[in-house]
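There are 2 protein chains.
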Amino acid sequence: MSELLAPDVNRTDCPSRAILEHVTSRWAVLVLAALLERSYRFSELRRHVGGVSEKMLAQTLQALERDGFVHRDAKPVIPPRVDYSLTSTGRDVAEQVHALARWVESQVPTVQSAQSRYDAARP
Amino acid sequence: MSELLAPDVNRTDCPSRAILEHVTSRWAVLVLAALLERSYRFSELRRHVGGVSEKMLAQTLQALERDGFVHRDAKPVIPPRVDYSLTSTGRDVAEQVHALARWVESQVPTVQSAQSRYDAARP
DNA sequence: GGAAGTACCCACTTTGAAGTAAGGTACGCA
DNA sequence: TGCGTACCTTACTTCAAAGTGGGTACTTCC
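So the protein lines, in turn, are chains C and U.
1206 is the number that this note's numbering gives the last residue of the first sequence; the numbers go up by one with no jumps.
1206 is the number that this note's numbering gives the last residue of the second sequence; the numbers go up by one with no jumps.
Next up, the structure:
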């Protein structure tokens, strides 16, 4: 009988660990959340996501494309036009990270007061 | 009239950006997911989350405590006994990252075949 | 005739996140 | 007497992630 062992993010060597790190990486979270709303062109995305360098955006998009979360559609026109959109699995992750991002935004005051309390308690 | 501007993760200077990075950081995701199931002691957590060093675990837990996601209960006994559990806001985030982690685990085969297809398409 | 936009790639450098190793305290065990 | 456990802290080091600045190829705008 073939023992098909379940993926476990708590194992260092489990592939799920790496995938999780891809989607929770600094820029991937923001890119996925953005693409959930609509598809974007490269430089649109660059303007939308504050602080990304071109290099990091390209790198992030490549990784997401490789994992099958993002679809890249390069039109052979001049000037170059490349549209990025979510695949169906990409939409699944994006919904989750988008929800997370929105939740965090809503909790800013709560977290900030917690930080103040923590900092005040120790010099 | 006081214009209370809404937090936006796409802004570099928005506090939500930093908080989001805390919860999506390498070890915080795994710690939060673990604590959703039950509360853990320090070294239990260290054994549960594969690959964390003591330093990183301590640092991660401190950051999560400061943000008000984790409650630290140090009992003044010998040997030291410190229990970590989620606060109510902590439970909210933890549910989201836990769902994400479980989803990623379930998508390992899908993602791996996407990677193979991507890699095969370019030498 | 520049300048700017588009979507990148490449090389170089910097930064900071993470790993390694050691120390500290107090016990219990052999 | 010295090892092991528990929960950290501090100092030192490493290495990958990220930033910087350059180049490309082509077009349209001023």
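Note that the Cβ used here is the ideal one computed from N, Cα and C, for glycine as well.
Point to revise | Span separating the alpha-carbon of residue 1111 of chain U from that of residue 1104 of chain C | key: 11 Å
**Study point:** Whole-angstrom distance between residue 1145 of chain C and residue 1151 of chain C, CA atom to CA atom
**Key:** 10 Å
Check your understanding: Are any of the Cβ atoms in chain U nearer than 8 Å to that of residue 1153 of chain C?
Key -> Interface flag for residue 1153 of chain C against chain U is unset, since no Cβ pair is found closer than 8 Å.
Check your understanding: Excluding the five sequence neighbours on either side, which residues of its own chain have a C-beta within less than 6 Å of the C-beta of residue 1106 of chain C, listed in chain order?
Key -> 1176
Check your understanding: Cβ of residue 1090 of chain C less than 8 Å from any chain U Cβ?
Key -> Residue contact check for residue 1090 of chain C against chain U: a CB pair falls below 8 Å.
**Study point:** Neighbour-count burial assignment, residue 1088 of chain C, 16 or more Cβ in a 10 Å radius
**Key:** exposed
Review point. Would residue 1140 of chain C pass as a contact of residue 1129 of chain C if the rule is Cβ separation under 8 Å?
Key: In this structure, the beta-carbon distance from residue 1140 of chain C to residue 1129 of chain C falls below 8 Å.
**Study point:** Partners in chain C for residue 1186 of chain U, counting only beta-carbon separations shorter than 8 Å
**Key:** The contacting residues are 1175, 1176 and 1179.
Check your understanding: What is the DSSP secondary structure of residue 1088 of chain U, counted as helix, strand or coil?
Key -> coil
Review point. Taking one C-beta from the region 1167-1175 of chain C and one from the region 1184-1192 of chain C each time, how about it: are there three or more such pairs within less than 8 Å?
Key: no
Review point. Along chain U, in chain order, which residues have C-beta atoms closer than 7 Å to that of residue 1150 of chain C?
Key: 1194, 1197 and 1198
Review point. Measuring CA to CA, which of C:1201, C:1186, C:1163 and C:1203 is closest to residue 1099 of chain U?
Key: Taking the Cα of residue 1099 of chain U as reference, the smallest distance to any Cα among C:1201, C:1186, C:1163 and C:1203 is reached at C:1186.
Exercise for review: With a floor of 4 residues, list each alpha helix (DSSP H) that falls wholly inside the region 1103-1160 of chain U, ordered by position along the chain.
Suggested key: 1109-1120, 1125-1131 and 1137-1149
Review point. Taking only beta-carbon atoms, is residue 1143 of chain U less than 8 Å away from chain C?
Key: No, no contact with chain C.
Practice item. Give the DSSP-derived three-state secondary structure of residue 1278 of chain U in the structure shown. Key: Any property of residue 1278 of chain U remains undetermined from this structure, which presents chain U solely from 1084 to 1206.
Practice item. Let me know the secondary structure DSSP gives residue 1164 of chain U once reduced to three states. Key: strand
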